[in-house]
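Numbering (this note's numbering), first residue to last: 38 to 191. Notes follow the structure.
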Ligand code: ADP
C-alpha cells in the first residue's frame, strides 16, 4: 500500500475548507489512517521544507505555516495513490491550477495554496512518519476496498 501526507495549510483552515478537502479524498475512495490538528514549529518546518532552505521565500513560507494551526492527514491506498492525491491537489500555483483541483478551485496564490501533498512514494512514507507517531496511525480494514479496486490494484 502507498501512504501519503496531506496538510490543510493555515489558509485552508482559516477559510473553512477543512471539510471540503477531507471530503475530496474520502470520495476518491482513499483510506484515512491518521488525522489531527497541530501547530507547527521551526523544527518540523525546517525538515519538511529542507528542499527549499536556500530559496528567498523560505522564511516567509515558514511564517505562513505557523500563522494558524494546520490539519494533518495520512491517507493510504493501492498502487498510484501518491500520484492520484497530487492530481486532486493540482500544481503549486493556484492561479494556474486547473479547475476541479483543490488549488485550482480555491486558490489564487503560489504560496498560500491551501494544501500540501507528498510528491513521491518515498516522501509519502517519510512525511507520514514525520507528522504522526506510530500510535496516531490506524490499521483497519476498509470494507469497500473490494469495490474500489480490481484485485491486482489493492
Ligand atoms: P508543492 O507544494 O506543489 O509540492 P514545492 O515543494 O515546490 O511545491 O514548494 C512547497 C511550498 O512552498 C509550496 O506549496 C508553496 O506553499 C511554497 N512555494 C513554492 N514556490 C514558491 C514561490 N516561488 N514563492 C513563494 N512560495 C513558494
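By construction, the Cβ of each residue, glycine as well, lies at the ideal position given by its N, Cα and C atoms.
Query	Result
Touching by the beta-carbon criterion (3+ pairs, under 8 Å), the region 141 to 154 and the region 41 to 60	yes
Any non-hydrogen atom of ligand 1 within 7 Å of residue 158 CB	no
Straight-line gap, residue 170 to residue 84 (C-alpha atoms, nearest Å)	16 Å
CA-to-CA distance, residue 88 to residue 95, given in whole angstroms	10 Å
Beta-carbon spacing of residue 255, residue 45 below 8 Å	In this structure the chain extends from 38 to 191, so residue 255 is not present and cannot be described.
Exposure of residue 90, with buried meaning 16 or more beta-carbon neighbours within 10 Å	exposed
DSSP three-state assignment for residue 42, whether helix, strand or coil	strand
Per-residue DSSP class, three states only, for residue 181	coil
Every unbroken beta strand (DSSP E) within the region 89 to 161, with a cutoff of 3 residues, ordered by chain	107 to 114, 152 to 154
Residue 175 beta carbon near ligand 1 (any heavy atom closer than 7 Å)	no
Burial state of residue 47 (16 or more Cβ within 10 Å)	buried
Any non-hydrogen atom of ligand 2 within 7 Å of residue 138 CB	This structure simply doesn't include ligand 2; it includes ligand 1 instead.
Cβ shell of residue 105 (< 7 Å), same chain only, five flanking positions each side left out	47, 50, 51
Short Cβ contact (8 Å threshold) for residue 182 with residue 119	no
Where residue 170 sits in the DSSP three-state scheme	coil
Of the listed residues 53, 62, 67, nearest to residue 38 (C-alpha basis)	67
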